[in-house]
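K.L.:
In my numbering, the protein residues as written are 10 to 137.
Have a look at this one.
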Amino acid sequence: MTDWNNILKRNREYIKAKNKIKTQVENNRLQQLGLTENLQTLFQPILKSQEDIKKRLAIEPSPHKDPPIEYGGIKALNDIKRLFLNPDPDLPKSISPIVDDEGLLFNGFRIRFIHHNSKSTQKTLYLH
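Pasting the structure below:
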């Protein structure tokens, strides 16, 4: 068993020595080419431009925007009464809207509508 341990130990030492010689050969080759400076300083402009590109391409989180409320379905006071007098049963009673002839009272805010007389018998409501 000790013979195998000695063989493994010599094998590790051999690999370390081989890697050290390989590194020295590469360093000598770089010296012959005149590249004795630190390679990182040679490539600094390239690294800087890569960082700039990454910063430009970084996705910035956008603030949450609620979708616009569409008023196409509310054209008359009857539409308001139909939509808001029978609110969703899942809504708490504290936020149930109140509809009267002036408009809509919802959560303490009043939405008033202007009655616009037209040729039809139904009154068209505009948000005021």
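Don't be surprised by glycine CBs; every beta carbon is placed ideally from N, CA and C.
1) Following the continuous beta strand (DSSP E) through residue 107, name the residue where it begins and the one where it ends.
2) Which class does residue 120 belong to by DSSP, given the choice of helix, strand or coil?
3) Using the C-alpha atoms, what's the distance from residue 55 back to residue 73?
4) What residue range is occupied by the uninterrupted alpha helix (DSSP H) comprising residue 60?
5) Exposed or buried, residue 113, counting other C-beta atoms within 10 Å across all chains shown (16 or more means buried)?
P.N.:
With the given structure in hand:
1) Unbroken beta strand (DSSP E) run through residue 107: 107–109.
2) Secondary structure of residue 120 (DSSP, three-state): strand.
3) Looking at the two C-alpha atoms, the distance is approximately 37 Å.
4) For residue 60, the enclosing alpha helix (DSSP H) begins and ends at 53–66.
5) Around the CB of residue 113, 16 or more other CB atoms lie within 10 Å, so the residue is classed as buried.
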